[in-house]
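*Asks:*
Protein chains: 2
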Amino acid sequence: MSAVTDSLDWDHVEPAAARRLIRGAIDAFAERGFQATTTRDIASRAGMSPAALYVHYPSKERLLFEISLYGHNAALEVLRSADQGGTPADRLRGLVAAFTAWHARHHTIAHVVQYELNALSPEHLAEVATIRRAISTEIEQVLADGVQDGSFAVPDLPGTTLAVLSLSIDVARWYTPHRGDPDALGKLYADLAHRMVQT
Amino acid sequence: MSAVTDSLDWDHVEPAAARRLIRGAIDAFAERGFQATTTRDIASRAGMSPAALYVHYPSKERLLFEISLYGHNAALEVLRSADQGGTPADRLRGLVAAFTAWHARHHTIAHVVQYELNALSPEHLAEVATIRRAISTEIEQVLADGVQDGSFAVPDLPGTTLAVLSLSIDVARWYTPHRGDPDALGKLYADLAHRMVQT
DNA sequence: GTCTATATATTGATAGAC
DNA sequence: GTCTATCAATATATAGAC
Numbered sequence: 001m002s003a004v005t006d007s008l009d010w011d012h013v014e015p016a017a018a019r020r021l022i023r024g025a026i027d028a029f030a031e032r033g034f035q036a037t038t039t040r041d042i043a044s045r046a047g048m049s050p051a052a053l054y055v056h057y058p059s060k061e062r063l064l065f066e067i068s069l070y071g072h073n074a075a076l077e078v079l080r081s082a083d084q085g086g087t088p089a090d091r092l093r094g095l096v097a098a099f100t101a102w103h104a105r106h107h108t109i110a111h112v113v114q115y116e117l118n119a120l121s122p123e124h125l126a127e128v129a130t131i132r133r134a135i136s137t138e139i140e141q142v143l144a145d146g147v148q149d150g151s152f153a154v155p156d157l158p159g160t161t162l163a164v165l166s167l168s169i170d171v172a173r174w175y176t177p178h179r180g181d182p183d184a185l186g187k188l189y190a191d192l193a194h195r196m197v198q199t
Numbered sequence: 001m002s003a004v005t006d007s008l009d010w011d012h013v014e015p016a017a018a019r020r021l022i023r024g025a026i027d028a029f030a031e032r033g034f035q036a037t038t039t040r041d042i043a044s045r046a047g048m049s050p051a052a053l054y055v056h057y058p059s060k061e062r063l064l065f066e067i068s069l070y071g072h073n074a075a076l077e078v079l080r081s082a083d084q085g086g087t088p089a090d091r092l093r094g095l096v097a098a099f100t101a102w103h104a105r106h107h108t109i110a111h112v113v114q115y116e117l118n119a120l121s122p123e124h125l126a127e128v129a130t131i132r133r134a135i136s137t138e139i140e141q142v143l144a145d146g147v148q149d150g151s152f153a154v155p156d157l158p159g160t161t162l163a164v165l166s167l168s169i170d171v172a173r174w175y176t177p178h179r180g181d182p183d184a185l186g187k188l189y190a191d192l193a194h195r196m197v198q199t
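Protein sequence lines, in the order shown, are assigned to chains A and B.
With the UniProt record's numbering applied, the first sequence covers 1 to 199.
With the UniProt record's numbering applied, the second sequence covers 1 to 199.
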C-alpha cells in the first residue's frame, strides 16, 4: 500500500486550525459518537474556544460530512490501488487484505465512517452512499470474474459480496491497536474470504 | 428454533406500561441512537407523558440496560439451543445459522445490543460483557473441537472466532426485512463460515 | 481569526395535583 | 400511575470586541 493512498493526515485541510478541528472531531466522534459529542469538546481538543469552530465549519454536521466524505474516498482508493491484476483469487486476497488492514490501521476514522452515517443530512448521506456503492462493486466484480473463469463457486453473489465486506467493515467495531498488526489481520481475513468462495 | 427461546415480545415485563416503554425505547434507540433519543420521544411512543416514564424506570440509561441485558441473554440462549450435537461441522453450521438469523429477525434490538454498548454505565457494561464472553466461547469451543478431531483447519483460533462472530453481528448493521428471509441468510452464512474452516 | 458573552432551544429529571 | 408545569443543566449557534 503506497504512502500516498494511505495518507489520512488531513494535510490537504487548510488552515492548520481547521485541520486540528477535523482531527479533534474524529477522535471525539469515534470515542463518544456524533450526538454525544459537543462542539465545546471538539473546539477544546483543537485548542480553541467553542465560537472559533464556526469560523471554519458552519455546523457540527458539516464537520462530520467532511470526515465521512474524505474517509469513504480514502477507503475506495485503497481498494482500487490494491487491485493489482492476476487471477481472481490473487485479486480478491489483495482487496480483502488491504480493505481489512485499512479498517484496522485507521480504526478511529473507520469507526466514524461506518457507524455515524445516520447523523448525516439526507443530502450528504446520498453523496456518501454513491461512494459506498462503488466500494461494494469493487468486491462484487472480482467475485463475478472468479465465477466466470471457474475459480470461484458463489451461489449468491450479492449475499456473498456483503459477507466479504462485513468481515472487513466489522473490524472498525472491535479493533484496538493491542489486538494485533493490521497487515497480519489483513492476511488472515484474505485467507478466510478466499476459502469462502474457492471451488 | 423454538418459539420460547426466540421470544422477544417482552411479555415478562410488567405492567403493560413498562412494556410499552421498553418497546418504544428499542425502536427509538435503533432508529436514532441512544444519545439522540429523548425521554420525551420514548414516552410519546408509549403513549404517555415524559414524567410517567420515571415511575417505571429511574433513568434513560436504565431502560437501555434492561434492553441490552435481556437482548444479550436472548442471543446467548439462541446459540446454546442451536448446539444440537453431531460433528463439529454440523454444530458450527447450526450455531452460525441460528445466530445470524437471530440478528436478522431481531435486527432492531440486535442493533441496540451491538452498537449502544458505550452508552451503558461502567457497571452495567461489565455485566453485559460477561454474557458477550460466553457467546464468544460458544463459537470458539466448536472451532476447537473441529481442530481436535481434524475436521477443521484453524491456524488462528481467536482471530477466526472473531471473524465468524463478525459475520453474524454485522447483520444487525445492514439488515432490513426487504433484504431477504432471515433463515435463508442464516443458511448462506452457515455455509460461508463452514468453508472458512473446513479441511 | 480568536476571544468573551450570550441568545435560544432542548434536554433529563422532579414537584405536586388528581 | 398518570398528568401539567417546571427546574436546572446543557446544547448549538451567534453577536460584537479586539
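Just so it is clear, CB atoms sit at the ideal spot from N, CA and C, and this is done for glycine as well.
In chain order, what residues of the stretch 159-175 of chain B put their CB closer than 8 Å to some CB of chain A?
*Replies:* Residues GLY159, THR160, LEU162, ALA163, SER166, LEU167, ILE169, ASP170, VAL171, ARG173, TRP174.
*Asks:* Which value, in whole angstroms, describes the spacing of the CA atoms of ILE135/A and GLY146/A?
*Replies:* If you number the first sequence from 1, residue 135/A lands on position 135. If you number the first sequence from 1, residue 146/A lands on position 146. Those two C-alpha atoms are separated by around 18 Å.
*Asks:* Grouping DSSP H, G and I as helix and E and B as strand, with all else coil, what is GLN35/A?
*Replies:* On the first sequence, position 35 is the one that residue 35/A refers to. The answer is coil: DSSP assigns GLN35/A none of H, G, I, E or B.
*Asks:* Quick check: the Cα distance between ARG133/A and ILE42/A, rounded to an integer number of angstroms?
*Replies:* The residue you call residue 133/A lines up with position 133 of the first sequence. The residue you call residue 42/A lines up with position 42 of the first sequence. For ARG133/A and ILE42/A, the distance between alpha carbons rounds to 30 Å.
*Asks:* I'd like to know whether the C-beta of ARG133/A is nearer than 7 Å to at least one C-beta of chain B.
*Replies:* Here residue 133/A refers to the residue found at position 133 when the first sequence is read from its first residue. Taking Cβ atoms only, chain B never reaches closer than 7 Å to ARG133/A, which makes this a no.
*Asks:* Where does the unbroken alpha helix (DSSP H) through HIS111/A begin, and where does it stop?
*Replies:* Against the first sequence, residue 111/A aligns to sequence position 111. Unbroken alpha helix (DSSP H) run through HIS111/A: 107-115.
*Asks:* Under three-state DSSP, which class holds ALA3/A?
*Replies:* On the first sequence, residue 3/A is found 3 positions in, with the first residue counted as 1. With a pLDDT of 43 at ALA3/A, under the threshold of 50, the modelled position of this residue cannot be trusted; read the value that follows with caution. In this structure, ALA3/A counts as coil in the three-state DSSP scheme.
*Asks:* Thinking just about the alpha-carbon of each residue, which of LEU8/A, PHE29/A, ARG40/A, VAL96/A is nearest to the one in ALA184/A?
*Replies:* Here residue 184/A is taken as the residue at index 184 of the first sequence, counted from 1. Comparing Cα-Cα distances from ALA184/A to each of LEU8/A, PHE29/A, ARG40/A, VAL96/A, the minimum goes to VAL96/A.
*Asks:* Let's test the definition: count the other Cβ atoms within 10 Å of the Cβ of GLY150/A and tell me whether it reaches 16, buried, or not, exposed.
*Replies:* Within the first sequence, numbered from 1, the residue matching residue 150/A stands at position 150. By the neighbour-count rule (16 or more Cβ atoms within 10 Å), GLY150/A is not buried but exposed.
*Asks:* Are there 16 or more other CB atoms within 10 angstroms of the CB of TYR54/B, so buried, or fewer, so exposed?
*Replies:* Translated into the one-based positions of the second sequence, residue 54/B becomes position 54. TYR54/B is exposed by the Cβ-count criterion.
*Asks:* Could you list the residues in the stretch 123-156 of chain A with a C-beta less than 7 Å from some C-beta on chain B, going in chain order?
*Replies:* ASP156
*Asks:* Determine, using beta carbons only, whether MET48/A comes closer than 7 Å to chain B.
*Replies:* Sequence index remark: in the first sequence, residue 48/A carries index 48 (1-based). For MET48/A, the answer is no, since every Cβ of chain B falls outside 7 Å of its Cβ.
*Asks:* When the Cα atoms are used, what is the spatial distance from SER2/A to ALA74/A?
*Replies:* On the first sequence, position 2 is the one that residue 2/A refers to. On the first sequence, position 74 is the one that residue 74/A refers to. The predicted model places SER2/A with a pLDDT of 44, which falls under 50 and marks its position as unreliable; any figure quoted below should be read in that light. Cα to Cα, SER2/A sits roughly 12 Å from ALA74/A.
*Asks:* Have a look at THR100/A and PRO15/B and give me their C-alpha separation to the nearest angstrom.
*Replies:* Against the first sequence, residue 100/A aligns to sequence position 100. Against the second sequence, residue 15/B aligns to sequence position 15. Near 47 Å, if we compare the C-alpha coordinates of PRO15/B and THR100/A.
*Asks:* Of all the options LEU143/A, THR160/A, PRO182/A, which has the alpha carbon lying nearest to the alpha carbon of GLY186/B?
*Replies:* Within the second sequence, numbered from 1, the residue matching residue 186/B stands at position 186. Considering only alpha carbons, the answer is THR160/A.
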